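Contents: one structure, followed by commentary.
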Amino acid sequence: MSKSHTDIAIIGGGPVGLCAVNLLGQLGIRTVLFEQNATTSFHPRGHVVNTRTMEIFRSCGLAEDVDAVALPLERHAGIGFVTSLAGDTIGVIETRGDPEWARIEASQSPVFKRSCPQDKLEPVLREHAQRRDSVALHFNHKVTGVTQDATGVTLTWENGEGASGATRAAYVIAADGPRSPTREAVGIGMDGKSIGQQIGLYFHADLWKYVVDRPYLLYWIFNAQTSGVLISLDGRYRWTYNFGYHTHESRDDFTKERCLNILRAVIGVSDVEIDIKSIMPWRMQARIADTFSAGRVFIAGDAAHPLPPTGGQGMNTGIADIHNLIWKLNLVLDGAAPASLLATYTEERRPIASFNVAQSERNAMAMAKRGLSGMLANDSELLSSLEGAQGAANRAKLAEGIPEQREHFDYPGQTFGFSYESNLITPDGTPSPPFSVRSYTPAARPGNRAPHLPVTLDGKAASLLDLFSLDRFTLLYAATGNSGPMPSLRRTCPCRCAALVSGTEGMSRPIQRPGSNSMA
Numbered sequence: 001m002s003k004s005h006t007d008i009a010i011i012g013g014g015p016v017g018l019c020a021v022n023l024l025g026q027l028g029i030r031t032v033l034f035e036q037n038a039t040t041s042f043h044p045r046g047h048v049v050n051t052r053t054m055e056i057f058r059s060c061g062l063a064e065d066v067d068a069v070a071l072p073l074e075r076h077a078g079i080g081f082v083t084s085l086a087g088d089t090i091g092v093i094e095t096r097g098d099p100e101w102a103r104i105e106a107s108q109s110p111v112f113k114r115s116c117p118q119d120k121l122e123p124v125l126r127e128h129a130q131r132r133d134s135v136a137l138h139f140n141h142k143v144t145g146v147t148q149d150a151t152g153v154t155l156t157w158e159n160g161e162g163a164s165g166a167t168r169a170a171y172v173i174a175a176d177g178p179r180s181p182t183r184e185a186v187g188i189g190m191d192g193k194s195i196g197q198q199i200g201l202y203f204h205a206d207l208w209k210y211v212v213d214r215p216y217l218l219y220w221i222f223n224a225q226t227s228g229v230l231i232s233l234d235g236r237y238r239w240t241y242n243f244g245y246h247t248h249e250s251r252d253d254f255t256k257e258r259c260l261n262i263l264r265a266v267i268g269v270s271d272v273e274i275d276i277k278s279i280m281p282w283r284m285q286a287r288i289a290d291t292f293s294a295g296r297v298f299i300a301g302d303a304a305h306p307l308p309p310t311g312g313q314g315m316n317t318g319i320a321d322i323h324n325l326i327w328k329l330n331l332v333l334d335g336a337a338p339a340s341l342l343a344t345y346t347e348e349r350r351p352i353a354s355f356n357v358a359q360s361e362r363n364a365m366a367m368a369k370r371g372l373s374g375m376l377a378n379d380s381e382l383l384s385s386l387e388g389a390q391g392a393a394n395r396a397k398l399a400e401g402i403p404e405q406r407e408h409f410d411y412p413g414q415t416f417g418f419s420y421e422s423n424l425i426t427p428d429g430t431p432s433p434p435f436s437v438r439s440y441t442p443a444a445r446p447g448n449r450a451p452h453l454p455v456t457l458d459g460k461a462a463s464l465l466d467l468f469s470l471d472r473f474t475l476l477y478a479a480t481g482n483s484g485p486m487p488s489l490r491r492t493c494p495c496r497c498a499a500l501v502s503g504t505e506g507m508s509r510p511i512q513r514p515g516s517n518s519m520a
């Protein structure tokens, strides 16, 4: 049995684990990642990369490569509700197709929310991680045991070639999915429920004829044969279709032939060539862990909070988890902060994750309440008579509920308006800005994400967010117009750090925590 030592071990090579490796590698922290699968994902499961995640990718040089493999922005103009691609339109929620929406989006961040399916995103993250000198990636390696003591964690593992070994790490981050063996091994409990069983179909078909004038990210399908959500992966050829099935049915009932018939009903014609690449059963859950750490083991992503995909919060919540954690681990490993700093990970992240779980469930239930359940098994008689002239009245009835679903798909307040509270954050006495899922109010209040403001760095246009890095604290100094400079800051950083000065008017004397983009 081989033995090795590292600073951080990561269990799970999905988007959350691979993002963690990139952030740790950027800091030069010795890191080993274990992933039981031999390759990155084949089935394009998650696809929403929200703007906050794109900001994190930007901070470690990933954003441009993610942009290059994402759905083109011009094919991401809204959400369509249809009886089939060739059938009747029930309604539309415009996003980038609305100039005012696009203007607001551009004012909130230097990057854009993207749709980048998991089978395209993970190779980008893996390739960048492989360039990091301090990182080792071990795919086709299954962790078989997790034990910890006062000084570290020992992982035992075996690989696909029959070799086995043990790795000793100072800390472990487990991003090993909703069934997380690591979470079970360290005794962390979960609360929540299962919402329903779903099937995800990944297929190729040239559907340009039916979508060229409707460049939507999602097409919610409602007809007598099927209801679900069709996701555009590249705007023309690559698609996934997700739908719910009833408890009296088994996942084994969904043969390839049955799934082909379902997809023909989705498209609305029978003469399109369809190539099904994979059929993946999955379970919609709304659950959250009791705590996000046990000793030296931390959980993130679906291991900590499997949530419904209604809103696209899953991967993004997980990446925000590890972004919050890693700068703290860096300080502790450097001896610049006590280990007690790590307790703020659960304290700060669990309330945000809990809200995202609840909001995602609310989105699913709000759709179902209006007969638009889509990804939940649907017995509605309404769906049996939606198409053609005779279905006009029923389509109008469904259409009435569509505007109410906007925050399911348009949620800048949820993306940017979060606020951390912990004993690490010193309130400045200002009130919390109003919170709304659908609208974002920028704030420099301690605990909030720093606002995006245009600045010039080294003679080039940049964002205020570009001033922040995982490996340092950032001091923002604000002038007060004609009254002269603000008094000196009374708070000090808990470690040696370089101070960057910005003369951005209106800032409220915040100290920026390393890399976190949340004021302390």
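Okay, so the sequence shown: first residue is 1 according to the UniProt record's numbering, each after it adds one.
Just so you know, even glycine gets a beta-carbon here, dropped at the ideal spot from N, CA and C.
All of these numbers come straight from a predicted model, not from anything done at the bench.
In angstroms with no decimal places, state the Cα-to-Cα distance between G17 and A174. 8 angstroms
Are any of the Cβ atoms in chain D nearer than 8 angstroms to that of V272? Looking at the structure shown, chain D is missing, and only one protein chain is on hand.
Under the three-state DSSP convention, the category K193 falls into: In the structure shown, K193 sits in a strand (DSSP, three-state: E or B).
Please name the residue or residues paired with A166 in a DSSP beta bridge. Answer is K3, T156.
By DSSP, does L470 sit in helix, in strand, or in coil? L470 sits in coil when the DSSP states are folded into three classes, being neither helix nor strand.
Pick from L85, T39, T167, R96: whose alpha carbon is nearest that of R126? Per the Cα distances, T39.
Output the boundary residues of the alpha helix (DSSP H) element that contains V135. Counting along the chain, V135 falls outside any alpha helix (DSSP H), though it belongs to the beta strand (DSSP E) covering 135-139.
Bridge partners for M280 per DSSP, in chain order? G200
How about N394: is its Cβ closer than 7 angstroms to a heavy atom in the ligand MN? The model depicted lacks the ligand MN and carries no ligand whatsoever.
Determine the DSSP secondary structure at I10, reduced to helix, strand or coil. strand
Between F42 and S232, is the Cβ-Cβ spacing less than 8 angstroms? no
Where does the unbroken beta strand (DSSP E) through L33 begin, and where does it stop? Under the DSSP assignment, L33 falls in the beta strand (DSSP E) whose first and last residues are 31-35.
Proximity to V92 [Cα-Cα], best of E404, A461, L23: E404
C-alpha gap between C497 and L27, whole angstroms: Note on C497: pLDDT 29, under 50, position unreliable in the model; the coordinate value appears next. The C-alpha of L27 is placed about 15 angstroms away from the C-alpha of C497.
I199 to W282, Cα distance in whole Å? 6 angstroms
Does DSSP classify L233 as helix, strand or coil? coil
Compare the Cα-Cα distances from L218 to each of Q390, T310, N324, A368 and report the closest residue. Of Q390, T310, N324, A368, the residue nearest in Cα terms is T310.
Using alpha carbons as the reference points, say which of A320, G388, G371, F139 lies closest to L382. G371
Reference D7, options I326, G413, A462, closest by Cα: I326
Can you tell me the Cβ-Cβ gap for F222 and L386, rounded? I've got them flagged as a contact below 8 angstroms. 6 angstroms
Residues of its chain near F298, where Cβ-Cβ distance is below 8 angstroms and the 5 sequence neighbours each way are ignored: Cβ neighbours of F298 beyond the five flanking positions: Y171, V172, I173, A174, F292, L325, L342, Y345.
Simplified DSSP state of Y171, which is helix, strand or coil: Correct three-state label for Y171: strand.
Run through the DSSP bridge pairs and tell me what G91 is partnered with. In the DSSP assignment, the residues bridged to G91 are F81.
Can you list the beta strand (DSSP E) stretches of 3 or more residues lying completely in the stretch 264-316, in chain order? 275-289, 297-299
Inter-residue CB distance, Q285 and P178 (contact presumed, cutoff 8 angstroms): Right, the Cβ-Cβ distance comes to about 6 angstroms (below 8 angstroms), so this counts as a contact.
Can you tell me the Cα-Cα spacing of H5 and A169, whole angstroms? 6 angstroms
Just how far apart, CA to CA, sit S227 and L467? For S227 and L467, the gap between their C-alpha atoms comes out near 46 angstroms.
Confirm, please, whether the CB-CB distance from F418 to R449 is below 8 angstroms. yes
Ordered along the chain, which non-local residues of its own chain (more than five positions away) have a Cβ less than 6 angstroms from that of S380? G371
Using 10 angstroms around the beta-carbon of Q313, count the other beta-carbons present and answer buried if the total reaches 16, otherwise exposed. buried
Just to confirm, are D190 and R287 a CB contact at a threshold of 8 angstroms? Reading off the sequence, residue 190 comes out as Met, not Asp. Contact flag set, yes.
G401 (DSSP reduced to helix, strand or coil): coil
Checking 8 angstroms against the spacing of the C-beta atoms, do G235 and S84 come in under that value? no
Which runs of the alpha helix (DSSP H) fall wholly inside the stretch 39-78 and span at least 4 residues, in chain order? 51-59, 63-69
Let me know if H246 comes out buried or exposed under the rule of 16 or more other beta-carbons within 10 Å of its beta-carbon. H246 is exposed by the Cβ-count criterion.
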